[in-house]
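In what follows, a structure is listed as structure tokens, so that the remarks can point back to it.
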Amino acid sequence: GEIGHMTMIPFGKACYCGRSGCLEPYCSSAVLSELAEGDLDLFFRSLRGGDPVKKSAWDEYLNILSMAVNNINMLLDCPVILGGSVGVYLEEFMGQLRSLARDRNSFSDSADYLACCQYKVEPIAAGAAPACRPTKTASGSTATVAAEVWMRPCASVAGTRCTRWTPLSNFSRPNTPSPVIEATISL
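Quick note on this note's numbering: the sequence shown kicks off at 684 and runs consecutively.
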């Protein structure tokens, strides 16, 4: 599947894929940069400066993004790591995004599954998850995702990628926890 083309708003904004209401026309870097002369950094400087147009656009962006990350978490029950061009700016807004995502979840009062990728230079989702943070295993212990990991991409189009991580040890040991799954989203 392709996360950027999940229907978020039925009959919503037109998408380049030919459909309408996809995540892409609501939560891409272009949505924000178009409001600031094509400059994403200018968008965030204006937002921090209190520009009401940027604030309104950002609130809509976070609202739609909170729906998407909640849907991913409800479906896969996994950590969701946000990266990409917008991901560089997300850290200071994670509290707001987690609050929105938490409000959407009927089964948990936590949005701790949501993280911002720590890799800020040329950020892309592909391969970024190991650099982000340790992962909790099914037994509750923490495992660092590193060189001993096999990566199998399960979705990729237009800068959005969902990546499945499977520790190699799961293939050789009986009764081991199921594979660790993380969804990484490049915005």
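Think of the CB as a built atom: it goes at the ideal place given N, C-alpha and C, for glycine as much as any other residue. Nothing here was measured: the structure is a model prediction, and the numbers come from that model.
Using a Cβ-Cβ distance cut-off of 8 angstroms, the stretch 719-739 and the stretch 747-766 are not in contact, since fewer than three pairs of beta carbons, one from each stretch, lie closer than that value.
When the Cα atoms are used, residue 791 and residue 745 turn out to be separated by approximately 19 angstroms. According to the DSSP assignment, residue 784 belongs to the alpha helix (DSSP H) that extends over 777-787.
In chain order, 719 place their CB closer than 6 angstroms to the CB of residue 725, counting only its own chain and leaving out the 5 sequence neighbours on each side.
Looking at the DSSP output, residue 697 shares a beta bridge with 703. Around the beta carbon of residue 758, fewer than 16 other beta carbons lie within 10 angstroms, which makes this residue exposed. The Cβ-Cβ distance between residue 715 and residue 763 does not fall below 8 angstroms.
Residue environment for residue 707: buried (at least 16 other C-beta atoms within 10 angstroms of its C-beta). With respect to the C-alpha of residue 767, the residue from 796, 756 and 713 having the closest C-alpha is 713. For residue 784, same chain residues with a beta-carbon under 7 angstroms away, outside a window of 5 residues either side, are 749, 752, 753, 794 and 797 in chain order.
DSSP places residue 743 inside the alpha helix (DSSP H), whose first and last residues are 735-759. With a threshold of 16 other beta carbon atoms within 10 Å, residue 701 falls short and is exposed. The Cβ neighbour count for residue 694, taken over all protein chains shown within 10 Å, is under 16; the residue is labelled exposed. Ranking 717, 760, 691 and 777 by CA distance to the CA of residue 800 puts 777 first.
Minimum Cα-Cα distance from residue 771 among the listed residues 789, 787, 711 and 689 corresponds to 711.
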